[in-house]
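Chains as they are written, first to last, in the working numbering: chain A, 1 to 309; chain B, 310 to 597; chain C, 598 to 878.
Read through the structure below, which is laid out as structure tokens, and then see the notes.
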């Protein structure tokens with residue numbers, strides 16, 4: 001059994017020497033490998049819970065999705081997804097490529113409405129509110145999204161980029177408020193020290209990892225209820241990836257995070273809950289530590305052992 | 310085989326040299342053709358507003374002002390239309406059948422011969438202008454500065470609209486997605502992300518439009534009224550560099566008169582080349 | 598931390614709708630004159646056209662009838678001669694640039710091409726007048742063709758360069774690797790592959806000069822009769838339209854509408870067919 005307190009332990013490590021941190025990650029990844037060896041013993045006591053959603057009480061749930069289906073033209077890419085996301089913690093959504101994980105979080109942020117040929121059905125509740133009845137713009141203002149490729153606005157300075165949500169939606173702020181928001185959110189995104197002298201330059205000189213943290217800061221500045229991340233580290237180098245992972249571990253204490261990842265090590269390291277999608281279906285959704293040790297579904301197990309995707 | 314290859318390469322080289330030779334040759338020809346007039350008028354050619362072949366006074370200012378004023382006003386008039394077409398076809402309905410139909414229709418505007426537009430304007434648009442002029446109590450010439458400018462504005466729409474559409478579609482999807490994901494409406498995305506991103510390309514398109522307006526001859530000649538005075542108000546007839554050449558070159562028997570018209574041609578040549586060079590620089594800067 | 602006040606979404610969505618409406622309005626309004634022009638040219642042009650119109654030369658002012666055969670002959674003669682003059686040089690120059698991209702000269706040639714393209718047509722007419730008409734002492738089809746060739750030249754160069762650059766380098770290298778000479782590679786591999794694209798460029802250039810009256814004004818000058826040699830002056834359709842449109846004579850104005858219809862039809866058909874052909878590849 002892998003120890004249960006892994007996430008906390010690692011976040012404690014954050015404050016220490018970075019090389020130690022990486023060593024810990026590496027160690028962790030190594031420890032995951034022998035899973036297959038233990039397989040026979042697991043098979044006997046597969047837990048019955050395949051979807052943890054019901055265990056979150058109404059008060060504990062931030063986002064609840066009922067019967068979500070997404071169609072690209074005639075193809076059904078997501079098949080009746082039912083999932084509740086908790087108010088506390090980071091949920092990782094993983095699965096082989098093409099399983100619909102990006103489609104799922106794009107559906108939450110209503111990004112599919114930009115594409116005429118895509119159809120979405122189902123019910124989404126944010127807190128107590130049915131957000132499918134709201135205009136997409138209103139929903140997107142309350143749900144932040146960070147994309148695979150870092151995409152700060154090239155025509156804006158770093159300062160403006162943090163405030164871009166306000167600029168874009170026509171919200172007026174005074175100078176003091178602007179400064180406050182920029183400083184606070186850059187600090188939250190672990191970016192302040194690196195850019196504080198160059199706030200009024202365009203973000204193009206930033207490295208990929210810094211740009212991605214700027215994108216996170218920009219979403220945080222909107223005081224969103226949930227933060228969605230679509231494979232935020234897939235375009236980054238290992239060092240930048242570690243920094244983003246560390247950042248997310250701190251952030252998840254303040255804000256619910258839903259993150260798509262194709263990297264099982266990343267999911268096991270930083271998430272509290274993991275959902276496994278396969279061919280457009282939600283196969284399993286459980287606490288990360290349970291899922292990575294005793295998956296209840298054979299397909300999950302196969303995926304974790306690297307048999308597909 | 311070696312000899313044949315070398316020979317072939319030399320032929321290609323000579324053909325390539327043709328383009329610069331034509332440009333330099335044109336500049337030299339027009340410059341030397343202008344000398345007799347320059348000797349007669351001196352620098353007053355560039356600041357005098359009197360153009361009178363009878364008294365052999367040749368000042369080019371009327372035409373310079375006429376060309377610049379018609380082009381700039383036409384540009385301003387065409388601006389909302391070009392930008393609307395760029396935004397509509399490049400973003401709002403981008404990728405649909407309707408978008409490509411509109412884009413094709415706009416390209417047809419640039420393909421219509423300018424004499425046909427001139428003909429149409431004489432028999433359809435001028436009567437409308439005359440009605441309006443009667444309505445406001447002006448002398449119903451029909452032709453004149455405003456008439457020519459409105460038609461010119463229509464004619465230059467395609468150049469800026471096509472380029473504008475192209476640069477708008479070049480704005481990367483992931484940048485637009487970022488803005489939509491922040492909860493911006495399409496208007497806000499266009500206003501704060503797409504237009505700033507595509508700005509220099511759009512400006513380049515408008516410069517190309519202006520260069521076109523500078524050189525546009527036939528329709529303007531048919532509509533501007535052809536009077537060699539500075540326009541006193543927006544409806545009065547005047548002349549442009551291109552239209553004075555088209556109108557008077559065939560009758561210019563006098564040596565100085567002939568040379569003065571060549572001088573106007575030289576002025577027009579240089580200003581068009583400079584304008585389109587600037588436009589290309591701006592666009593290149595945007596695309597690279 | 599201040600209390601976040603989100604902007605009322607409904608107001609912003611209304612603003613977005615208004616914006617869409619304005620954009621649509623201006624787009625449609627910009628196309629209105631196009632439809633009106635086509636409508637009037639068809640309405641006024643078709644009644645003017647009959648067999649006589651296409652087979653007789655232009656009538657004197659204030660009489661009945663009269664045709665445009667002299668202008669059609671002039672147009673065809675001038676544009677074809679212009680194509681024959683411009684094409685070989687332009688393709689050769691385009692090939693040079695495409696194969697010597699890094700050289701300073703290519704840069705200069707390319708720059709000159711864009712400069713040449715920006716020369717107003719009327720100035721081209723002026724230059725060719727000085728170069729050809731004045732020394733020969735007469736207006737001629739030849740001078741008109743050279744003026745049109747002058748305008749076609751840069752367009753064909755640029756399209757040639759673009760088409761050749763699209764050919765994959767492997768194909769060209771394969772030819773060289775087989776031991777083919779530069780000459781053979783160009784003639785047997787590069788140009789055959791590029792032919793459809795270059796042809797499209799030539800046709801587009803041709804369609805453009807067909808509609809231009811400005812370069813013809815002082816070069817071919819106009820001729821009420823059918824020209825017989827290349828040293829004769831000639832009329833072209835746009836020139837006739839210009840001359841007749843500003844005349845006060847009704848039969849000339851009618852002829853101008855008929856000629857406009859034929860010219861517009863020709864240009865739209867040519868533009869569309871090249872567009873369809875280039876799309877297919």
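For glycine and all other residues, C-beta sits at the position ideal for the given N, C-alpha and C.
All values derive from a computational prediction rather than experimental measurement.
Proximity to residue i [Cα-Cα], best of the options
i: residue 905 of chain C; options: C:869, C:859, C:829; result: The question about residue 905 of chain C has no answer, for chain C in this structure spans 598 to 878.
i: residue 91 of chain A; options: A:278, A:293, A:227; result: A:227
i: residue 324 of chain B; options: C:668, C:688, C:621, C:701; result: C:688
i: residue 277 of chain A; options: A:257, A:187, A:298; result: A:298
i: residue 384 of chain B; options: B:498, B:516, B:535; result: B:516
i: residue 625 of chain C; options: B:412, B:372, B:350; result: B:412
i: residue 798 of chain C; options: C:611, C:753, C:853; result: C:753
i: residue 804 of chain C; options: B:589, B:409, B:445, B:421; result: B:421
i: residue 652 of chain C; options: C:874, C:637, C:668, C:638; result: C:668
i: residue 69 of chain A; options: A:97, A:86, A:108; result: A:108
i: residue 181 of chain A; options: A:198, A:170, A:160; result: A:160
i: residue 392 of chain B; options: B:358, B:448, B:355, B:466; result: B:466
i: residue 118 of chain A; options: A:193, A:71, A:287, A:263; result: A:71
i: residue 758 of chain C; options: C:711, C:848, C:666, C:853; result: C:711
i: residue 238 of chain A; options: A:256, A:252, A:49, A:263; result: A:263
i: residue 236 of chain A; options: A:211, A:187, A:100, A:63; result: A:211
Exposure label - residue i; buried when at least 16 CB within 10 Å
i: residue 817 of chain C; result: buried
i: residue 41 of chain A; result: Here residue 41 of chain A scores only 48 on pLDDT, less than 50, and its place in the model should not be relied on; the value that follows carries that caveat. Exposed: under 16 other Cβ atoms inside 10 Å.
i: residue 179 of chain A; result: exposed
i: residue 658 of chain C; result: exposed
i: residue 704 of chain C; result: exposed
i: residue 642 of chain C; result: buried
i: residue 301 of chain A; result: buried
i: residue 97 of chain A; result: exposed
i: residue 567 of chain C; result: The question about residue 567 of chain C has no answer, for chain C in this structure spans 598 to 878.
i: residue 734 of chain C; result: exposed
i: residue 172 of chain A; result: exposed
i: residue 355 of chain A; result: Residue numbering for chain A in the displayed model covers 1 to 309; residue 355 of chain A lies beyond these limits and cannot be assessed.
DSSP-derived helix/strand/coil call for residue i
i: residue 822 of chain C; result: coil
i: residue 846 of chain C; result: coil
i: residue 77 of chain A; result: strand
i: residue 202 of chain A; result: strand
i: residue 30 of chain A; result: Low per-residue confidence applies at residue 30 of chain A: pLDDT is 47, beneath 50, and the placement is therefore not dependable enough to give any value.
i: residue 329 of chain B; result: helix
i: residue 87 of chain A; result: coil
i: residue 54 of chain A; result: helix
i: residue 631 of chain C; result: helix
Proximity below 8 Å, CB of residue i to CB of residue j
i: residue 727 of chain C; j: residue 338 of chain B; result: yes
i: residue 526 of chain B; j: residue 538 of chain B; result: no
i: residue 142 of chain A; j: residue 195 of chain A; result: no
i: residue 529 of chain B; j: residue 345 of chain B; result: no
i: residue 154 of chain A; j: residue 208 of chain A; result: no
i: residue 673 of chain C; j: residue 745 of chain C; result: no
i: residue 638 of chain C; j: residue 381 of chain B; result: no
i: residue 284 of chain A; j: residue 296 of chain A; result: yes
i: residue 430 of chain B; j: residue 811 of chain C; result: no
i: residue 850 of chain C; j: residue 842 of chain C; result: yes
i: residue 827 of chain C; j: residue 739 of chain C; result: yes
i: residue 468 of chain B; j: residue 395 of chain B; result: no
i: residue 56 of chain A; j: residue 258 of chain A; result: no
i: residue 791 of chain C; j: residue 768 of chain C; result: no
i: residue 403 of chain B; j: residue 509 of chain B; result: no
i: residue 582 of chain B; j: residue 512 of chain B; result: no
i: residue 737 of chain C; j: residue 821 of chain C; result: no
i: residue 624 of chain B; j: residue 549 of chain B; result: The requested residue 624 of chain B is not part of the displayed model; chain B covers only 310 to 597.
Taking contact to mean 3 or more Cβ pairs, one atom from each stretch, closer than 8 Å, check whether the stretch 718-727 of chain C and the stretch 362-369 of chain B are in contact. no
Counting beta carbon pairs with one atom in the stretch 675-685 of chain C and one in the stretch 779-788 of chain C, are three or more of them shorter than 8 Å? no
Give a yes or no on contact between the stretch 438-458 of chain B and the stretch 476-495 of chain B, applying the rule of three or more CB pairs nearer than 8 Å. no
Assess contact between the stretch 477-490 of chain B and the stretch 501-521 of chain B, defined as three or more Cβ pairs (one per stretch) separated by less than 8 Å. Is contact present? yes
Looking at C-beta atoms only, is the number of pairs between the stretch 120-130 of chain A and the stretch 310-323 of chain B that lie closer than 8 Å three or more? no
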